[in-house]
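Colleague: Heads up: take any position in the sequence shown, counting from 1, add 262, and you land on my numbering. Built from N, CA and C at the ideal position, the CB exists for glycine as well.
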Amino acid sequence: MKKADFKYYGLLVIAMFFWGLSWPLAQIMVGQATPFQVGFFRFLIASLLYIIILFCTNFKIIKTYTWKSVRDFTILGLLGIFGYGFLFLTAMQFTTSSQGAAIAGIQPSLIAIASFLIFGEKLYPKWKYFGILLSFLGVLTIIGIQSFIDFNKNHLIGNFIVFIAFLFWCGYTLYGKKIMQKYTSLETTTWSSFTGMLMFGAAALIENRWSQLLNVPASFWLNILILGVFTTVVGFFLYFYVINKIGAVRSGVFINLVPVFGTLLSIIILSQEITWTLWIGLVLISGGILIINYPKDFSYKEQHKEQMILD
Numbered sequence: 263m264k265k266a267d268f269k270y271y272g273l274l275v276i277a278m279f280f281w282g283l284s285w286p287l288a289q290i291m292v293g294q295a296t297p298f299q300v301g302f303f304r305f306l307i308a309s310l311l312y313i314i315i316l317f318c319t320n321f322k323i324i325k326t327y328t329w330k331s332v333r334d335f336t337i338l339g340l341l342g343i344f345g346y347g348f349l350f351l352t353a354m355q356f357t358t359s360s361q362g363a364a365i366a367g368i369q370p371s372l373i374a375i376a377s378f379l380i381f382g383e384k385l386y387p388k389w390k391y392f393g394i395l396l397s398f399l400g401v402l403t404i405i406g407i408q409s410f411i412d413f414n415k416n417h418l419i420g421n422f423i424v425f426i427a428f429l430f431w432c433g434y435t436l437y438g439k440k441i442m443q444k445y446t447s448l449e450t451t452t453w454s455s456f457t458g459m460l461m462f463g464a465a466a467l468i469e470n471r472w473s474q475l476l477n478v479p480a481s482f483w484l485n486i487l488i489l490g491v492f493t494t495v496v497g498f499f500l501y502f503y504v505i506n507k508i509g510a511v512r513s514g515v516f517i518n519l520v521p522v523f524g525t526l527l528s529i530i531i532l533s534q535e536i537t538w539t540l541w542i543g544l545v546l547i548s549g550g551i552l553i554i555n556y557p558k559d560f561s562y563k564e565q566h567k568e569q570m571i572l573d
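#1: Going by the beta-carbon positions, is the gap between K507 and Y271 smaller than 8 Å?
#2: Does DSSP put R304 in a helix, a strand or coil?
#3: Quick one, which of S309, A288 and F268 has its alpha-carbon nearest T451's?
#4: The alpha helix (DSSP H) with W389 in it runs from where to where?
#5: Hey, out of L436, S473 and A364, whose CA is closest to T403's CA?
#6: Could you give the distance in angstroms between the alpha-carbon of Q369 and the alpha-carbon of V545?
#7: Would DSSP call F537 helix, strand or coil?
#8: Alpha carbon to alpha carbon, what distance is there between G342 and L527?
#9: Starting from the Cα of L542, find the closest Cα among Y327, G367 and I486 and give me that residue.
#10: Am I right that L628 and L351 are in contact with their C-beta atoms under 8 Å? What's the rounded C-beta distance?
#11: Among the candidates G550, G438 and T525, whose CA atom is the shortest distance from the CA of G339?
#12: Which residues in the same chain have their Cβ closer than 7 Å to the Cβ of I380, if we skip the five residues on either side of it in sequence?
#13: Quick one: residues in its chain with C-beta nearer than 8 Å to the C-beta of I536, no 5 flanking neighbours on either side, listed in chain order?
#14: What are the complete beta strand (DSSP E) segments, minimum 3 residues, inside the stretch 417 to 479?
#15: For Y327, which three-state DSSP category applies?
#16: Any idea what DSSP makes of F492, helix, strand or coil?
#17: State the DSSP-derived secondary structure class of A295, mapped to helix, strand or coil.
#18: In this structure, does DSSP put T352 in helix, strand or coil?
#19: Note down the Cα distance separating A480 from L519, rounded to an integer number of angstroms.
#20: Can G490 and A277 be called in contact, C-beta distance under 8 Å?
#21: Could you tell me the alpha carbon to alpha carbon distance between L311 and N470, rounded to whole angstroms?
#22: For F516, report the span of its alpha helix (DSSP H) as first-last.
#23: Would you report the Cα separation of D573 and K415, rounded to the nearest angstrom?
#24: What distance in whole Å lies between the Cβ atoms of F335 and W453, which are believed to be in contact at a cut-off of 8 Å?
#25: Looking at the structure shown, is G400 part of a helix, part of a strand, or coil, going by DSSP?
#26: Should I225 and L287 be called a contact, given that it needs their Cβ atoms to be closer than 8 Å?
#27: Can you give the beta carbon distance from G420 to T319, rounded, assuming they're within the 8 Å contact cut?
#28: If you run the structure through DSSP and keep just helix, strand and coil, what is G382?
#29: Measure the alpha-carbon distance for L532 versus S548 and round it to whole angstroms.
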């Protein structure tokens, strides 16, 4: 490990912090506006920034797009921006952000399973499948065991919605992997965010509850700005910048910090009570992620030998 790598690890921690911050902020905002409104303004800001950056780096790029490109970006926007975003925000109306953030750690396991079923991709070495088992045990601990100890119907519904949301994100990741064989990660993220934003906007227009925004506090717009700029744009660029510097294998391991930050920030910002089952579930899920992403060697050869299961 080079000393220079530590600065890249620091950037990754910052990116994971912003992604974890989205959980408590989302819970605050869905109490002030509808999920459609929150999603629309978040991705309106993000899409505008993405488009500016995209055209500054390659002004003529739009000439290469076809109707098939539009279809692909629209599918991505439906799955990963509108579909996932709506379910994520809706879940925050039922469950706590700390429980939702912990369950979010199931993402790598879902992607690994789907990659095997759809593309025939296998984890190497085989002992990494133990990580998938640990992750699912963690989710069952949070969703199942706690429900029997201290039954809360709303939490149960919300946690289930979070799980469904990550099935949508899994679809976005796998379809995006196919699309990024032709387009860059910046193009894919830009136009999926843009099409998803249009879907959120259309849904908000049909919902027609804009008058509700007249009563939101100033902090609502500050939180929207944080989600749109830092969580969605800055976090993305930091993550992919570091991937280009130290590789996807070492960078992907840091995804483990998202549920940790999400849970801790929910405790700090929202003063949420954390049950012992949540801590156990978080440890199991985090351990599962580490096992799935742990490489035998960080060498160039090993990085290209193993399948990358995180987007």
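Modeller: Taking the coordinates as given:
#1: no
#2: helix
#3: S309
#4: No alpha helix (DSSP H) contains W389, which DSSP labels as neither H nor E.
#5: A364
#6: 15 Å
#7: Before going on, a small fix: residue 537 reads as Thr here, not Phe. Looking at T537 - three-state DSSP - the assignment turns out to be coil, as it is neither helix nor strand.
#8: 24 Å
#9: Per the sequence presented here, residue 542 reads as Ile, with Leu not at that position. I542 has its Cα closest to that of G367, out of Y327, G367 and I486.
#10: Any answer about residue 628 is impossible in this case: the structure gives the chain only from 263 up to 573.
#11: G438
#12: L436
#13: The beta carbon of I536 is closer than 8 Å to those of S360, T525 and I529 in its chain, skipping five residues each way along the sequence.
#14: Listed in chain order, the beta strand (DSSP E) runs fully inside the stretch 417 to 479 amount to none, counting runs of at least 3 residues.
#15: coil
#16: helix
#17: coil
#18: helix
#19: So the two alpha carbons sit approximately 30 Å from each other.
#20: no
#21: Rounded to the nearest angstrom, the two C-alpha atoms are 26 Å apart.
#22: Membership of F516 in any alpha helix (DSSP H) is not indicated, and neither H nor E is assigned to it by DSSP.
#23: With a pLDDT of 39 at D573, under the threshold of 50, the modelled position of this residue cannot be trusted; read the value that follows with caution. C-alpha separation (whole angstroms): 33 Å.
#24: Rounded to whole angstroms, the Cβ separation of W453 and F335 is 4 Å, and the two are in contact under 8 Å.
#25: helix
#26: It is not possible to answer for residue 225, since the shown part of the chain is limited to 263 through 573.
#27: 39 Å between Cβ atoms; not a contact.
#28: Here G382 carries a coil assignment [DSSP, helix/strand/coil].
#29: 22 Å
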